[in-house]
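*Asks:* Have a look at the structure that comes next, please.
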Amino acid sequence: MQKLKNETKISAIFMGTRSGDLPKHVVLNECQMTDHDWPQFMRISPLLKWSYSQIWSFIRDNHVLYCSLYDRGYTSVGSTRNTTPNPLLKFVARNGETYYMPAFMLTNEDKERNGRT
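Each residue of the sequence shown is one higher than the one before, counting from 240 in my numbering.
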C-alpha cells in the first residue's frame with residue numbers, strides 16, 4: 240500500500256466491506272481515512288450498509304460475475320481450512336444424492352457464516 244501511495248496520485252480506495260463482515264466492536268463509516276498505522280487513503284465503503292439479500296439482488300439484476308463457489312452452496316468464503324457449503328442450503332435429491340442450493344437462496348441472513356468454522 241505504501242508503494243501505491245508513493246508512486247501514484249491515488250488518494251481513495253473502494254472497499255467491498257459490509258458492516259456484517261466486521262467484528263461487533265468495529266465501527267466504520269462509509270467514508271473515512273485508513274487507520275493511523277496504514278498509508279493514508281480515504282476508504283470508501285459503498286456497500287457498508289447493504290444486506291446479504293441486497294448484495295445478491297444487485298449481483299443477479301446486473302449480471303455481475305462472481306466466484307462459482309457461491310453456486311455450490313458457499314455463502315461466506317474464507318480459507319480452504321475453514322470454509323464449507325452452508326448446511327442450511329443442503330438438500331437430498333430423489334436419487335439420494337446430496338446437493339446445495341446457490342448462496343442467493345439463503346433466507347436467514349444471520350446464518351450467512353454457517354459454513355465457516
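In this text, a Cβ means the ideal position worked out from N, Cα and C, and glycines have one as well.
1) G317 to R352, Cα distance in whole Å?
2) Reducing DSSP to helix, strand and coil, say where Q293 ends up.
3) In terms of residues, what are the limits of the beta strand (DSSP E) holding K242?
4) State the Cα-Cα distance for the pair F253 and R333, rounded to the nearest angstrom.
5) Between which two residues does the beta strand (DSSP E) carrying A251 extend?
6) Going along the chain, which residues of its own chain have a beta-carbon closer than 6 Å to the beta-carbon of Q241, five neighbours each way excluded?
*Replies:* Answer, in terms of the structure:
1) In the sequence shown, the residue the question calls residue 317 occupies position 78. In the sequence shown, the residue the question calls residue 352 occupies position 113. For G317 and R352, the distance between alpha carbons rounds to 10 Å.
2) Translated into positions along the sequence shown, residue 293 becomes position 54. Of the three classes helix, strand and coil, the one that applies to Q293 here is helix, per DSSP.
3) The residue given as residue 242 occupies position 3 in the sequence shown. K242 -> not in any beta strand (DSSP E); alpha helix (DSSP H) instead, spanning 241-246.
4) Here residue 253 is taken as the residue at index 14 of the sequence shown, counted from 1. Here residue 333 is taken as the residue at index 94 of the sequence shown, counted from 1. So the alpha carbons of these two residues sit roughly 45 Å apart.
5) Taking the first residue of the sequence shown as position 1, residue 251 is located at position 12. If you look at A251, you'll find it in the beta strand (DSSP E) that goes 251-253.
6) Within the sequence shown, residue 241 is the residue found at index 2, counting from 1. P278, listed in sequence order.
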